[in-house]
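Mapping the sequence shown onto the working numbering, position 318 (from 1) lands on 335, and the numbers just tick up by one.
All C-beta atoms in this analysis are idealised placements derived from N, C-alpha and C, irrespective of residue type, glycine included.
In what follows, a single structure is set out as structure tokens and then discussed.
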Amino acid sequence: MTDNTPFLPYGRQSIDDDDIAAVSAVLRSDFLTTGPEVAAFEDAAAQHTGARHAIACNSGTAALHLAVMGLGLGPGDAAIVPAVTFVATANVVVHTGATVIFADVDPDTGLMTPETLSDALARAGKLHVRAAMPVHLAGRVCDMVGLNAIAQDHGLQIIEDACHALGGTYAGTDGAEQNVGDCALGDAATFSLHPVKIAAMGEGGFVTTNDDAIATTARRMRDHGIVRNTEGFTQNDLAMTEGETNPWYYEMPSPGFNYRVPDLACALGRTQLGKLDRFVAQRHQLMQHYKDRLAPLTPIVKFPAADATPGTAWHLCPVLIDFAEIGKPRGKIMAALRAEGIGTQVHYIPVHRQPYYRALSPDLGLPGAESYYARTLSLPLFYEMTIGDVDRVVDTIAKVCNLT
Ligand SMILES: Cc1ncc(COP(=O)(O)O)c(C=O)c1O
Numbered sequence: 018m019t020d021n022t023p024f025l026p027y028g029r030q031s032i033d034d035d036d037i038a039a040v041s042a043v044l045r046s047d048f049l050t051t052g053p054e055v056a057a058f059e060d061a062a063a064q065h066t067g068a069r070h071a072i073a074c075n076s077g078t079a080a081l082h083l084a085v086m087g088l089g090l091g092p093g094d095a096a097i098v099p100a101v102t103f104v105a106t107a108n109v110v111v112h113t114g115a116t117v118i119f120a121d122v123d124p125d126t127g128l129m130t131p132e133t134l135s136d137a138l139a140r141a142g143k144l145h146v147r148a149a150m151p152v153h154l155a156g157r158v159c160d161m162v163g164l165n166a167i168a169q170d171h172g173l174q175i176i177e178d179a180c181h182a183l184g185g186t187y188a189g190t191d192g193a194e195q196n197v198g199d200c201a202l203g204d205a206a207t208f209s210l211h212p213v214k215i216a217a218m219g220e221g222g223f224v225t226t227n228d229d230a231i232a233t234t235a236r237r238m239r240d241h242g243i244v245r246n247t248e249g250f251t252q253n254d255l256a257m258t259e260g261e262t263n264p265w266y267y268e269m270p271s272p273g274f275n276y277r278v279p280d281l282a283c284a285l286g287r288t289q290l291g292k293l294d295r296f297v298a299q300r301h302q303l304m305q306h307y308k309d310r311l312a313p314l315t316p317i318v319k320f321p322a323a324d325a326t327p328g329t330a331w332h333l334c335p336v337l338i339d340f341a342e343i344g345k346p347r348g349k350i351m352a353a354l355r356a357e358g359i360g361t362q363v364h365y366i367p368v369h370r371q372p373y374y375r376a377l378s379p380d381l382g383l384p385g386a387e388s389y390y391a392r393t394l395s396l397p398l399f400y401e402m403t404i405g406d407v408d409r410v411v412d413t414i415a416k417v418c419n420l421t
């Protein structure tokens, strides 16, 4: 690597002049938060996903928390979460007082499958399992038709953690392409617009749902659990004076959070959503090139999904590497790639192996998750990468893994 070879991170945002102009306009406006950009962003998010409601909030984690609260999850309930995900998917369940049951994943995709969901249900014993939370890892969408059929049989609700899959599509019941987040086969879906994701708003996210009750609860819990709508008021003695609603009055039936997202971030989110199709198409092209270039390195380095459709919104490029066969540990390969200007990351340490969850289920063994975790490495993938950058990454992998 020469001194002016650019460093390729595993992910990064793409910001144009129109994004900067949109944020600047908000800075010059009256509302930095709780202003018109929030509703405009929500309208755009609803339109992009095809869901009836989109509720904007300040992270993908907040979106997940609002979704589980929207379902009314609480003490005595349980939710099934795949072991390979970011900790947030499981943690929000804990925050409601409900129990997490970890499902295993397919060893080659890292996804929860109908089989691993059924296995987790069988392990649930007497727990009252209310929800399944499939994660569309790296942008690859789970088998929603299969998961939905099991959910129907067992009376489960589904929250899709689509934090990696903004702008993607999936095969619906009749095989037709549907938008991720349309909630045709689930009750709610959650998205993150963290800068390493497909579109950026700094910190930000949203929940989609077609269920009015979930949407109402999510909106209320986003704002401290407060009701500002006169129809929701229950205490006329405080709400009314001489037959008129007091203009300052609000009510809080149960405590919520400040998960509001400022107009500044929503303005950025909206310009980014406007470019989503372009973002997804470029990522797809880069992944196609990765697939072609990595083919000669198979089976030591495996491309994640040869069968991915053009509608797959790839957030990550997680290849599977047989480190044992190469004879070098993953950390050494990552360090060697970094020395050549190539950033990589591991998505994810299986969540049931985190100390908090491990203490609760010390003997839980999930072989699919272990196998996936042992081999996965996320290579650079972001909108501004070029085909030449992909060539450089693959050539460098071949070199540091001694595969040339
Ligand atoms: C699968 C998954 N779910 C949820 C989140 C949380 O999103 P955020 O960082 O916006 O809170 C992340 C973030 O990386 C994620 O990868």
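(message) Please identify the residue among L90, G52, P53 and Y389 whose C-alpha is closest to the C-alpha of M129.
(response) Checked all of L90, G52, P53 and Y389; the closest Cα to M129 is Y389.
(request) Counting only the same chain and skipping the five closest in sequence on each side, list residues whose C-beta sits under 6 angstroms from that of A155. (result) Within the same chain, H181, H332, L333 and P335 come within 6 angstroms of A155 by CB-CB distance, once the 5 residues on both sides are set aside.
(message) Let's see if you can read the secondary structure: which residues bound the beta strand (DSSP E) around F119?
(response) Bounds of the beta strand (DSSP E) holding F119 are T116 to A120.
(message) At the level of alpha carbons, what is the spacing between A100 and Y187?
(response) In this structure, the alpha-carbon of A100 lies about 22 angstroms from that of Y187.
(message) Check whether the stretch 277–291 and the stretch 210–228 touch, using three or more Cβ-Cβ pairs below 8 angstroms as the test.
(response) Yes, the stretch 277–291 touches the stretch 210–228.
(request) Along the beta strand (DSSP E) that carries Y187, what are the first and last residues, could you check? (result) Where Y187 is concerned, the enclosing beta strand (DSSP E) stretches over T186 to A188.
(message) Would A73 and E54 qualify as a contact pair, given that the criterion is a beta-carbon distance under 7 angstroms?
(response) The Cβ atoms of A73 and E54 do not sit closer than 7 angstroms to each other.
(request) Compare the Cα-Cα distances from A386 to each of S31, T102 and I32 and report the closest residue. (result) Checked all of S31, T102 and I32; the closest Cα to A386 is T102.
(message) Whole angstroms are fine: how far does the CA of T126 sit from the CA of T190?
(response) Rounded to whole angstroms, T190 to T126 spans 21 angstroms at the Cα level.
(request) Taking all protein chains shown into account, decide if L255 is buried (16 or more other Cβ within 10 angstroms of its Cβ) or exposed. (result) Within a 10 Å sphere around the beta-carbon of L255 sit fewer than 16 other beta-carbons, which makes this residue exposed.
(request) Check whether the Cβ atoms of T226 and H369 sit closer than 7 angstroms, and answer yes or no. (result) Their beta carbons are not under 7 angstroms apart, which means T226 does not touch H369 by this criterion.
(request) Determine, using beta-carbon pairs with one atom in the stretch 26–38 and one in the stretch 393–402, whether at least three such pairs fall under 8 angstroms. (result) As far as the Cβ criterion goes, the stretch 26–38 touches the stretch 393–402, which means the pair count is three or higher.
(message) Whole angstroms are fine: how far does the CA of I97 sit from the CA of A352?
(response) Using only the alpha carbons, I get a separation of about 35 angstroms.
(request) Report the option in G405, T393 and I350 whose CA atom is closest to the CA atom of G420. (result) Correcting the residue identity first, residue 420 is Leu in this sequence and not Gly. Comparing alpha carbon positions, the residue from G405, T393 and I350 closest to L420 is I350.
(request) Using only the heavy atoms of ligand 1, determine whether one of them is closer than 6 angstroms to the beta carbon of S76. (result) In this structure, S76 has its CB closer than 6 angstroms to one or more heavy atoms of ligand 1.
(request) Just the C-alpha distance for R147 and G291, rounded to the nearest angstrom, thanks. (result) Taking the straight line from one Cα to the other gives about 36 angstroms.
(request) Return the CA-CA distance between Y365 and V104, expressed in angstroms with no decimal places. (result) Distance between the alpha carbons of Y365 and V104 is about 9 angstroms.
(request) Would you mind working out which of V40, V410 and R375 sits nearest H306, comparing C-alpha positions? (result) It is V410.
(request) State the Cα-Cα distance for the pair L396 and G221, rounded to the nearest angstrom. (result) As the crow flies, the alpha-carbon of L396 is around 24 angstroms from that of G221.
(request) Taking 8 angstroms as the threshold, find out whether the stretch 306–326 comes into contact with the stretch 262–279 through three or more Cβ pairs. (result) At 8 angstroms Cβ cutoff, the stretches do not touch.
(message) Quick check: the stretch 112–123 against the stretch 242–258, are at least 3 beta-carbon pairs closer than 8 angstroms?
(response) They do not touch, by the three-pair rule.
(request) Quick one: give me the first and last residue of the beta strand (DSSP E) that D94 is part of. (result) For D94, the uninterrupted beta strand (DSSP E) run begins and ends at D94 to P99, by DSSP.
(request) Would you decide whether D294 is buried or exposed? Buried here means 16 or more other CB atoms lie within 10 Å of its CB. (result) Answer is exposed; the Cβ neighbour count stays below 16.
(request) Pull up the CB-CB distance for G203 and M161, whole angstroms please, since I reckon it's below 8 angstroms. (result) The Cβ separation is near 7 angstroms, so the contact holds.
(message) Does R147 come out as helix, strand or coil in the three-state DSSP assignment?
(response) Strand at R147.
(message) By alpha-carbon positions, which one of L144, C159 and D228 ends up nearest to M150?
(response) Answer by Cα proximity: C159.
(message) Tell me the DSSP secondary structure of P372 in three-state form.
(response) Looking at P372 - three-state DSSP - the assignment turns out to be helix.
(message) Would T66 and D199 be called neighbours here (beta carbons separated by less than 7 angstroms)?
(response) Between T66 and D199, the C-beta spacing is below 7 angstroms.
(request) Please look up how many angstroms separate the CB atoms of L383 and P367, rounded, as I've assumed it's under 8 angstroms. (result) Taking a contact as a CB-CB distance under 8 angstroms, the pair L383 and P367 counts as one, their CB atoms being some 7 angstroms apart.
(message) Would H145 and D94 qualify as a contact pair, given that the criterion is a beta-carbon distance under 7 angstroms?
(response) Yes. Within cutoff.
(message) Please determine whether the Cβ atom of A105 lies at a distance below 6 angstroms from any heavy atom of ligand 1.
(response) Yes, the beta carbon of A105 sits closer than 6 angstroms to at least one heavy atom of ligand 1.
(request) Express the C-alpha separation of V417 and D178 in angstroms, rounding to a whole number. (result) Approximately 34 angstroms, taken between the alpha carbons.
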